[in-house]
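Undergrad: Just dropping this structure here.
Numbering (our numbering), first residue to last: 855 to 1329.
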């Protein structure tokens, strides 16, 4: 007899409705990949729930009615709309706290706390109003963490049925602000927890405390958050819960990121036609105004301009390698000081370095397809998608052994990996890559090994399904 698992999947953003960062990719892909695993034994009814941000783009919206939450003794209205994404039911939750905030993430921490507390508690009430009971709630980051907290406290105080809960941790340092007064205004008490005192009022720590399982977005990041260096003050608490902490690597939309039919490329290619890739390097060099020199390694970085990403190490490394032959392209926006530093490197090497301080998805794909080496020396990197894309496009990654980079790039097999977060370690790794680049057969073997990696969402979804089955069996 087949088993049906109802999953309420909550996120602040999801492609194609609205996307700001990597969470949008995950929430747009993972629920659909989970549904696709349904078979004769297990049917997965995964339903995605998003805030109805003013900027959301959705077609064929069907109003599902309204209900109210009590806040400070007064009613606050919740609006529910339904649409579908490739056959998957999607709910959009609207209301005054979501409308007032405007953007997905604002610079006003308390405005965001108001919005996401409202969303989390409304999502918790949603099943009663659509006559559908989840077996499991799956939240993502601090924005949905209070759903897990609310579910647990309702069970304790009202005897509500146990609904299993999973929270995926994309970036631990972002915990949300002190939301104690907001939580209490919705009638939820602040529980006595074993969290550090400062963390007992913040959405993410409360959600981690209340969840049955905590999943980091890569196995290495799952281990890193248990350490003082990466644990953001929660390492002792997380170590005490280590049996519930794991890491599942995010997947990649391999249909979208496919060099064999990517319309952004001047020349399409695959694992068996690697020679066709060379036209992309020539076109990229022409577009950027770089000398057309196929034998010189073209280094690339597509990144947010942020110290976390190690971009400053790249600038220092390029200056250290001025006697070597290379070209480099840097695409990204972010910290104005780092943007300025990038442009100074371009001034220093006008015929070798091209910098574009903007977001340009099409150019990014051309960089993946036309460059020889992809630099990603992150100081910390929970998962990272760029190294997966670069491998898929035959661009060999040079990465630091942090988080998901450590899990996805195999040194000397699919790329080059270094340990220390220092520009000299990056220089040594790049020079190792240069040596192999000059040996065409060895270089192509590394390119092909990277292109052969399976980073599809199906792999990640299978691991989440096993976790779901385990938690539901326990409950």
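Glycine included, C-beta positions come from ideal geometry on N, C-alpha and C. All values derive from a computational prediction rather than experimental measurement.
Determine the direct distance from the alpha carbon of residue 922 to that of residue 1241, and round the result to whole angstroms.
TA: Walking along the chain shown from the start, residue 1241 turns up at place 387. Walking along the chain shown from the start, residue 922 turns up at place 68. Computed Cα separation, rounded: 45 angstroms.
Undergrad: Are residue 1152 and residue 1072 touching if we call contact CB-CB under 8 angstroms?
TA: Position 298 of the chain shown holds residue 1152. Position 218 of the chain shown holds residue 1072. Contact: no.
Undergrad: DSSP puts residue 1265 in a beta bridge; with which residues?
TA: Walking along the chain shown from the start, residue 1265 turns up at place 411. BP columns for residue 1265 point to 1269.
Undergrad: Can you tell me whether residue 1132 is helix, strand or coil according to DSSP?
TA: As a working mapping, residue 1132 is identified with position 278 in the chain shown. Note: residue 1132 maps to helix in three-state DSSP.
Undergrad: Measuring only the C-alpha atoms, how far is residue 1164 from residue 1188?
TA: Numbered from its first residue, the chain shown carries residue 1164 at position 310. Numbered from its first residue, the chain shown carries residue 1188 at position 334. In a straight line, the C-alpha of residue 1164 is about 13 angstroms away from that of residue 1188.
Undergrad: What separation, rounded to the nearest whole angstrom, lies between the Cα atoms of residue 933 and residue 1200?
TA: As a position in the chain shown, residue 933 is number 79, starting the count at 1. As a position in the chain shown, residue 1200 is number 346, starting the count at 1. Taking the straight line joining both Cα atoms gives about 51 angstroms.
Undergrad: Starting from the Cα of residue 1192, find the closest Cα among 948, 1173, 1161 and 1203 and give me that residue.
TA: Along the chain shown, one-based indexing puts residue 1192 at 338. Looking at the Cα atoms, 1161 is the closest of the given residues.
Undergrad: Please classify residue 897: does DSSP put it in a helix, a strand, or coil?
TA: Taking the chain shown and counting its residues from 1, the one referred to as residue 897 is at position 43. It is a strand residue.
Undergrad: Smallest Cα separation from residue 1331: which of 1280, 1041 and 1008?
TA: Since the displayed the chain opens at 855 and closes at 1329, residue 1331 lies outside it and no answer follows.
Undergrad: Where does residue 1192 fall in DSSP's three states?
TA: Against the chain shown, residue 1192 aligns to sequence position 338. Residue state, collapsed to three classes: helix.
Undergrad: Return the residue from the list 1274, 1273, 1020 and 1290 that minimises the CA-CA distance to residue 1266.
TA: Position 412 of the chain shown, counting from 1, holds the residue named residue 1266. Cα-wise, what sits closest to residue 1266 is 1290.
Undergrad: Nearest by alpha-carbon distance to residue 945: which of 928, 974, 925 and 1082 is it?
TA: The count along the chain shown starts at 1 and reaches residue 945 at position 91. Answer by Cα proximity: 974.
Undergrad: Could you tell me the boundaries of the alpha helix (DSSP H) in which residue 1074 lies?
TA: Counted from its first residue, the chain shown places residue 1074 at position 220. It spans 1073-1078 - the alpha helix (DSSP H) in which residue 1074 sits, taken as one unbroken run.
Undergrad: Flag this pair as yes or no: are the beta carbons of residue 1020 and residue 1065 separated by less than 8 angstroms?
TA: Taking the first residue of the chain shown as 1, we reach residue 1020 at position 166. Taking the first residue of the chain shown as 1, we reach residue 1065 at position 211. Their beta carbons are under 8 angstroms apart, which means residue 1020 touches residue 1065 by this criterion.
Undergrad: Excluding sequence positions up to five away, which residues of its chain have a Cβ less than 8 angstroms from the Cβ of residue 1135?
TA: To locate residue 1135, count along the chain shown from 1; it is residue 281. Within the same chain, residue 1135 has close Cβ partners 1148, 1152, 1224, 1225 and 1226.
Undergrad: Taking buried to mean at least 16 other C-beta atoms within 10 Å of its own C-beta, is residue 1235 buried or exposed?
TA: Locating residue 1235 in the chain shown gives position 381, where the first residue counts as 1. Buried, by the Cβ-count rule.
Undergrad: Beta-carbon within less than 7 angstroms of residue 968's beta-carbon, same chain only, minus the 5 sequence neighbours each way: which residues are those?
TA: On the chain shown, position 114 is the one that residue 968 refers to. The answer, listed in chain order, is 951 and 1036.
Undergrad: Which residues bound the alpha helix (DSSP H) around residue 952?
TA: For this step, residue 952 is matched to residue 98 along the chain shown. Its alpha helix (DSSP H) spans residues 950-955.
Undergrad: Thinking C-alpha only, which one of 1110, 1090, 1121 and 1039 is nearest residue 869?
TA: Translated into positions along the chain shown, residue 869 becomes position 15. When each option's Cα is compared against that of residue 869, the closest is 1110.
Undergrad: Between residue 1133 and residue 1254, what straight-line distance do the alpha-carbon atoms span, to the nearest angstrom?
TA: The residue labelled residue 1133 in the question sits at position 279 within the chain shown. The residue labelled residue 1254 in the question sits at position 400 within the chain shown. Cα to Cα, residue 1133 sits roughly 29 angstroms from residue 1254.
Undergrad: For residue 866 versus residue 905, is the C-beta spacing smaller than 8 angstroms?
TA: Position 12 of the chain shown, counted from the first residue, corresponds to residue 866. Position 51 of the chain shown, counted from the first residue, corresponds to residue 905. Contact flag set, yes.
Undergrad: With a 10 Å radius around its C-beta and 16 neighbouring C-beta atoms as the bar for buried, classify residue 1003 as buried or exposed.
TA: In the chain shown, residue 1003 corresponds to position 149, counting from 1. Residue 1003 comes out buried.
Undergrad: For residue 1175 and residue 1183, what's the separation of their Cα atoms in angstroms?
TA: By one-based count along the chain shown, residue 1175 stands at place 321. By one-based count along the chain shown, residue 1183 stands at place 329. Cα to Cα, the separation comes out at about 15 angstroms.
Undergrad: In chain order, what residues of the same chain lie with their CB nearer than 6 angstroms to the CB of residue 1247, ignoring the 5 residues before and after it?
TA: Within the chain shown, the letter at position 393 stands for residue 1247. So the qualifying residues of the chain are 1113, 1222 and 1223.
Undergrad: Quick test of your reading: residue 910 and residue 871, contact by CB under 8 angstroms. State the CB separation rounded to the nearest angstrom.
TA: Here the question's residue 910 lines up with position 56 in the chain shown. Here the question's residue 871 lines up with position 17 in the chain shown. So it is a contact: roughly 5 angstroms between Cβ atoms.
Undergrad: Tell me whether residue 1137 sits in a helix, a strand or coil according to DSSP, three-state version.
TA: In the chain shown, counting from the first residue as 1, residue 1137 sits at position 283. Note: residue 1137 maps to helix in three-state DSSP.
Undergrad: At the level of alpha carbons, what is the spacing between residue 1060 and residue 999?
TA: In the chain shown, counting from the first residue as 1, residue 1060 sits at position 206. In the chain shown, counting from the first residue as 1, residue 999 sits at position 145. When rounded, the distance between both Cα atoms is 7 angstroms.
Undergrad: Residue 1040 and residue 977: beta carbons closer than 8 angstroms?
TA: Position 186 of the chain shown, counted from the start, is the residue given in the question as residue 1040. Position 123 of the chain shown, counted from the start, is the residue given in the question as residue 977. Taking 8 angstroms as the Cβ cut-off, residue 1040 and residue 977 do not qualify as a contacting pair.
Undergrad: Buried or exposed: which applies to residue 1198, given that a residue is buried once 16 or more other Cβ atoms fall within 10 Å of its Cβ?
TA: Position 344 of the chain shown, counted from the first residue, corresponds to residue 1198. Residue 1198 comes out exposed.
Undergrad: Is there contact between the region 1038-1055 and the region 894-903, where contact requires at least three CB pairs shorter than 8 angstroms?
TA: No, they do not touch.
Undergrad: Could you pull out every unbroken alpha helix (DSSP H) segment of at least 4 residues lying fully inside the region 1148-1177, listed in chain order?
TA: 1165-1174, all fully within the region 1148-1177.
Undergrad: Between which residues of its own chain and residue 857 is the CB-CB distance below 6 angstroms, once the five residues before and five after are set aside?
TA: Along the chain shown, one-based indexing puts residue 857 at 3. Cβ within range, chain order: 896.
Undergrad: Less than 8 angstroms separating the beta-carbons of residue 884 and residue 1067?
TA: In the chain shown, residue 884 corresponds to position 30, counting from 1. In the chain shown, residue 1067 corresponds to position 213, counting from 1. In this structure, residue 1067 does not lie closer than 8 angstroms to residue 884 by Cβ.
Undergrad: Compare the beta carbon distance of residue 1307 and residue 1245 with 8 angstroms and say whether it is the shorter of the two.
TA: Stepping through the chain shown from its first residue, residue 1307 is reached at position 453. Stepping through the chain shown from its first residue, residue 1245 is reached at position 391. Taking 8 angstroms as the Cβ cut-off, residue 1307 and residue 1245 qualify as a contacting pair.
Undergrad: Alpha carbon to alpha carbon, how far is residue 1292 from residue 1179?
TA: Against the chain shown, residue 1292 aligns to sequence position 438. Against the chain shown, residue 1179 aligns to sequence position 325. Distance between the alpha carbons of residue 1292 and residue 1179 is about 12 angstroms.
Undergrad: Does residue 830 come out as helix, strand or coil in the three-state DSSP assignment?
TA: Because the chain spans 855 through 1329 in this model, residue 830 falls outside it and cannot be assessed.
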